[in-house]
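In this note's numbering, the protein residues as written are 5 to 313.
Just so it is clear, CB atoms sit at the ideal spot from N, CA and C, and this is done for glycine as well.
These notes are about the structure you will find just below.
Printed below as a string of structure tokens:
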């Protein structure tokens with residue numbers, strides 16, 4: 005019996021046309037919609053994030069797997085499906101072959117979105133926060149597949165740092181060990197997702213989209229791997245730092261008490277944060293994703309103006 009080849013990503017007509025013409029495109033993950041934001045807020049946020057990419061000068065390409073087939077760029081009906089299905093799987097790179105072979109549907113994480121975006125020829129990806137090394141990882145070995153995926157996938161990732169529930173210094177150490185290029189946008193202060201300052205710093209900063217595009221172009225010539233552009237929220241738009249520290253501590257304690265492990269930790273904690281902060285974390289989450297999406301659009305536009313190697 006001859007095995008069927010894995011399905012190739014299906015590009016929406018708009019995304020295919022933009023890529024064919026050399027116009028800027030920005031990839032967007034779908035896990036944020038399916039697992040990161042509550043319903044029905046997630047559906048409105050999906051349109052707002054795509055609009056932010058367009059405001060930055062690029063075509064949005066939200067990525068998901070539907071009935072075993074990766075889709076790069078979704079129709080409105082497909083976005084409805086991703087946002088409405090409470091049982092939609094969460095698919096990292098390791099899960100993609102399972103979904104393809106069994107005809108499953110799922111939302112893509114940072115790692116799988118990056119892989120599918122690069123396979124489609126997209127050079128820029130906007131997300132909220134990266135996964136990373138979890139607290140107490142020395143005991144649990146819990147580390148996101150995002151990190152190794154970015155070490156071998158060539159694209160720009162615009163984010164607001166890593167999720168606040170993680171061990172930020174350890175995550176930055178792992179990114180360094182994996183030779184992932186990390187730059188701050190307009191600062192060497194590494195953002196802490198909901199807050200502007202994680203307490204850690206990075207060695208390098210870029211001042212505008214053109215510089216970010218130039219760094220990625222140089223990286224692409226040298227070796228595979230991502231360029232992470234860490235884009236902090238302005239101080240007046242961040243979550244109150246005292247509230248942030250309190251609700252993060254409470255959320256992590258609740259996850260531990262409930263025995264939540266692995267990839268279930270993040271959605272559990274995000275839901276707890278939303279409820280414990282009376283919705284404040286949700287508002288900040290959407291705000292930072294919109295800022296990242298617009299900046300990614302501007303970087304993609306700058307990248308499209310550079311000569312290809």
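- Looking at the DSSP output, residue 30 sits in a beta bridge with 64, 128.
- By the Cβ neighbour-count rule, residue 17 is exposed, with fewer than 16 other Cβ atoms within 10 Å of its own.
- Here residue 84 is exposed: its Cβ has fewer than 16 other Cβ atoms, across all protein chains shown, within 10 Å.
- Proximity to residue 205 across 49, 257, 173 peaks at 173, based on C-alpha coordinates.
- For residue 89, the closest C-alpha among the options 231, 108, 167, 134 is that of 108.
- Counting only residues of its own chain and dropping the five nearest sequence neighbours on each side, residue 211 has a CB closer than 7 Å to the CB of 190.
- Cβ neighbours of residue 72 within its own chain (closer than 8 Å, five residues either side excluded): 11, 103, 104, 105, 106, 107, 108, 109.
- Inclusion of residue 126 and residue 273 in the CB contact set at 8 Å is not warranted, their separation being larger than that value.
- For residue 213, the enclosing alpha helix (DSSP H) stretches over residues 213-226.
- Taking the Cα positions, residue 148 is about 5 Å away from residue 135.
- Note on geometry: alpha-carbon atoms of residue 86 and residue 70 lie some 9 Å from one another.
- Taking 8 Å as the cut-off, the Cβ atoms of residue 290 and residue 235 do not count as close.
- In its chain, beyond the 5 residues on either side, 46, 50, 86, 87 have a beta carbon closer than 6 Å to the beta carbon of residue 37.
- Secondary structure of residue 70 (DSSP, three-state): strand.
- When C-alpha distances from residue 128 are compared across 305, 310, 288, the shortest belongs to 305.
- Between the C-alpha atoms of residue 24 and residue 299 there is a straight-line separation of about 22 Å.
- Here residue 132 is near residue 292, since their CB atoms are less than 8 Å apart.
- Counting along the chain, residue 260 sits inside no beta strand (DSSP E); it lies in the alpha helix (DSSP H) bounded by residues 245-262.
- According to DSSP, residue 94 shares a beta bridge with 111.
- Of the other Cβ atoms in all chains shown, fewer than 16 fall within 10 Å of the Cβ of residue 250; this residue is therefore exposed.
- Put simply, the backbone Cα of residue 111 is about 8 Å away from that of residue 67.
- The beta carbon of residue 21 sits closer than 6 Å to no other beta carbon from its chain once the five residues preceding and following it are set aside.
- In this structure, 187 is the residue among 187, 237, 157 with its C-alpha nearest to the C-alpha of residue 209.
- The Cβ neighbour count for residue 26, taken over all protein chains shown within 10 Å, is under 16; the residue is labelled exposed.
- The bridge partners DSSP lists for residue 204 are 194.
- Annotation for residue 188: the continuous beta strand (DSSP E) segment containing it runs 185-189.
- Residues of the same chain with a CB within less than 7 Å of the CB of residue 119, apart from the 5 flanking positions on each side, are 97, 153, 157 in chain order.
- Considering only 258, 91, 199, 223, the residue with the shortest C-alpha distance to residue 284 is 199.
- Cα atoms of residue 308 and residue 34: separation of roughly 24 Å, rounded to the nearest angstrom.
- Ranking 65, 196, 254, 159 by CA distance to the CA of residue 239 puts 196 first.
- Proximity to residue 29 across 41, 216, 60 peaks at 60, based on C-alpha coordinates.
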